[in-house]
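Chemist: The following block contains the structure, expressed as structure tokens.
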Amino acid sequence: MHTFPAAGPVTASLNVLAGTVAITAGDGDEVTVQVSPSSPSKSSDVRSADQTRVEFSGERLTIVQPRPLSRYAWFGGTNAIDITVHVPRGSRIDADSSYGSIRVDGAIGPSKIKTSYGDVTVEEGEELILRTGYGNITVGRANGHTEVAGGKVRIAEVDGSANVKSSQGGTFIGIAAGAIHVTSSYGDIEIDHALAPVVATTAYGKVRINDAVRGSIEMRSSYGGLELGIRQGTVAWLDLDAHHGSVRNALDNASAPPGTGESEEQPDTVEVLGRTAWGNITVRRAATQ
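Position in the sequence shown counted from 1, then plus 39, gives you my numbering.
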């Protein structure tokens with residue numbers, strides 16, 4: 040176990056070849072690091088854990104796992120390690136892993152986390168950049184601008200703008216308080232509450248927004264249906280086209296929407312553009328708010 044005193048948030052830099060990383064950002068005035076072999080019975084894992092460099096200087100934590108001296112070393116063992124880190128709340132994380140998952144519990148500051156093979160999980164963070172080549176990404180709360188690219192993506196709440204790219208798997212966003220841009224190659228896109236502009240595009244899959252409140256909404260799918268719920272009281276301007284499918288508009292038509300008089304408060308509005316080549320389009324009032 041490595042223990043270092045810390046006066047406040049730090050920057051943690053991790054370069055990992057293979058293994059799991061578990062980071063907790065919480066209360067306290069120290070940084071702790073535990074490096075263990077993933078399989079204590081494997082000499083390659085034990086050696087890799089023993090040789091992993093852990094340093095702390097100038098409020099910066101550095102963890103570097105050594106690479107095998109020979110490219111053929113992989114055939115003799117996994118060289119896998121488990122890293123457990125505790126840092127003060129609000130710390131920055133800069134983590135890069137080739138093989139393995141990365142999990143962060145607690146609230147972190149602006150951070151960049153990347154793994155080639157494995158999942159990325161963050162409880163809460165600011166200005167996050169999260170990427171995985173083959174794996175899923177899960178975020179509890181993202182504050183500020185967020186960049187996410189991975190397989191299946193799930194974000195409970197975005198308090199800011201976000202660009203989300205999903206290669207294989209669905210995308211779910213619970214609350215989108217800022218402008219959201221979502222693209223998917225293969226998978227459905229679902230946003231529960233859209234409080235700001237949304238652009239959602241998938242090649243193969245459905246696009247669904249359960250509760251749109253205000254702003255421009257653009258929904259596109261090459262092969263899949265579109266479903267949009269618009270909050271009660273929000274005025275909607277619709278431009279919809281299902282090339283090989285049907286369009287169902289369940290909204291009430293009104294020549295003068297409520298709240299458009301000079302003395303009345305102006306209602307929220309949404310401008311909707313919906314396009315699908317193969318699939319149906321449904322627009323209705325939101326069931327919940």
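For glycine and all other residues, C-beta sits at the position ideal for the given N, C-alpha and C.
Nothing here was measured: the structure is a model prediction, and the numbers come from that model.
With a threshold of 6 Å on Cβ separation, who are the neighbours of H220 within its own chain once the five nearest residues in sequence on each side are excluded?
Modeler: Taking the first residue of the sequence shown as 1, we reach residue 220 at position 181. Hits under 6 Å: N202 and V238.
Chemist: Please report the distance separating the alpha-carbon of E257 from that of V74.
Modeler: Walking along the sequence shown from the start, residue 257 turns up at place 218. Walking along the sequence shown from the start, residue 74 turns up at place 35. Their Cα atoms are separated by approximately 47 Å.
Chemist: Within the same chain, show all residues whose beta-carbon is closer than 6 Å to that of S302, passing over the 5 residues directly before and after it, in chain order.
Modeler: Counted from its first residue, the sequence shown places residue 302 at position 263. Confidence in S302 is poor, its pLDDT being 46 and thus under 50, which makes the residue's placement too unreliable to answer from.
Chemist: Hey, how far is the Cα of A88 from the Cα of R324?
Modeler: For this step, residue 88 is matched to residue 49 along the sequence shown. For this step, residue 324 is matched to residue 285 along the sequence shown. Their backbone Cα atoms lie some 56 Å apart in a straight line.
Chemist: With distances taken from CA atoms, which of G213, Y225 and A242 is nearest I248?
Modeler: Within the sequence shown, numbered from 1, the residue matching residue 248 stands at position 209. That would be G213, whose Cα lies nearest to the Cα of I248.
Chemist: For R144, tell me which candidate among V178, K153, I168 and Y225 has the shortest Cα-Cα distance.
Modeler: Within the sequence shown, the letter at position 105 stands for residue 144. The identity of residue 144 in the sequence shown is Asp, whereas the question assumes Arg. That would be V178, whose Cα lies nearest to the Cα of D144.
Chemist: Taking the C-alpha atoms as reference points, what is the distance between S136 and G244?
Modeler: Locating residue 136 in the sequence shown gives position 97, counting from the first residue. Locating residue 244 in the sequence shown gives position 205, counting from the first residue. Each residue's alpha carbon lies about 30 Å from the other.
Chemist: Leaving out five residues before and five after T273 in sequence, what residues of the same chain have Cβ atoms less than 8 Å from its Cβ?
Modeler: The count along the sequence shown starts at 1 and reaches residue 273 at position 234. Once the five neighbours on either side are set aside, the close Cβ partners of T273 are A251, V252, R253, P306, D307, T308 and V309.
Chemist: So within the region 172-232, which uninterrupted beta strand (DSSP E) runs reach at least 3 residues, ignoring any that extend past its ends?
Modeler: List check, beta strand (DSSP E) in window: 176-182, 185-189, 192-198, 201-207, 210-215 and 219-225.
Chemist: Going by beta-carbon coordinates alone, are G226 and P127 separated by less than 8 Å?
Modeler: Here residue 226 refers to the residue found at position 187 of the sequence shown. Here residue 127 refers to the residue found at position 88 of the sequence shown. No. Outside cutoff.
Chemist: To the nearest whole angstrom, what separates the beta carbons of G365 and G172, a pair I think is in contact under 8 Å?
Modeler: In the structure displayed, the chain extends from 40 to 328; residue 365 sits before or after that span and is not available.
Chemist: Tell me the DSSP secondary structure of D89 in three-state form.
Modeler: Within the sequence shown, the letter at position 50 stands for residue 89. D89: helix per DSSP, three-state reduction.
Chemist: For V192, which residues from the same chain have a beta carbon less than 6 Å from its beta carbon, with the 5 sequence-adjacent residues on both sides left out?
Modeler: As a working mapping, residue 192 is identified with position 153 in the sequence shown. The answer, listed in chain order, is I176, V203, S205 and T210.
Chemist: Looking only at its own chain, which residues have a Cβ that is under 6 Å from the Cβ of Q195, when we skip the five neighbours before and after it?
Modeler: Working through the sequence shown from its first residue, we reach residue 195 at position 156. Per the sequence presented here, residue 195 reads as Ala, with Gln not at that position. Closer than 6 Å at Cβ, skipping near neighbours: G179 and G213.
Chemist: Compare the C-alpha of E94 against each of A134, I120, T42 and P76 and name the closest.
Modeler: Counting from 1 along the sequence shown, the entry for residue 94 is found at position 55. Of the listed residues, the one whose Cα sits closest to E94 is T42.
Chemist: Per DSSP, what are the beta-bridge partners of K151 in this structure?
Modeler: Here residue 151 refers to the residue found at position 112 when the sequence shown is read from its first residue. Answer by DSSP bridge pairing, in chain order: D133 and I168.
Chemist: Does DSSP classify D278 as helix, strand or coil?
Modeler: Here residue 278 is taken as the residue at index 239 of the sequence shown, counted from 1. Looking at D278 - three-state DSSP - the assignment turns out to be strand.
Chemist: Mind checking which residues open and close the beta strand (DSSP E) that includes Q73?
Modeler: Residue 73 sits at position 34 when you count from the first residue of the sequence shown. E69 to P76 is the span of the beta strand (DSSP E), which, as asked, contains Q73.
Chemist: Suppose you measure from the CA of R139 to the CA of T91; what does that come to, to the nearest Å?
Modeler: On the sequence shown, position 100 is the one that residue 139 refers to. On the sequence shown, position 52 is the one that residue 91 refers to. First, the residue type needs correcting, since residue 139 is Gly and not Arg in the sequence shown. Their Cα atoms are separated by approximately 16 Å.
Chemist: Which residues does DSSP list as the beta-bridge partners of V159?
Modeler: On the sequence shown, position 120 is the one that residue 159 refers to. DSSP, once it has assigned bridges, lists I141 and I176 as partnering V159.
Chemist: Given a threshold of 16 other Cβ atoms within 10 Å of its Cβ, counted over all protein chains shown, does R270 qualify as buried or as exposed?
Modeler: The residue you call residue 270 lines up with position 231 of the sequence shown. With 16 or more Cβ atoms within 10 Å of its Cβ, R270 is classed as buried.
Chemist: What does DSSP give as the partner residues of N319 in its beta bridges?
Modeler: The count along the sequence shown starts at 1 and reaches residue 319 at position 280. Answer is none; N319 lacks a bridge partner.
Chemist: When we look at the beta-carbon of G313 and count the other beta-carbons within 10 Å, is it buried (16 or more) or exposed?
Modeler: As a first step, residue 313 must be located in the sequence shown, where it is residue number 274. Its Cβ being crowded by 16 or more others within 10 Å, G313 is buried.
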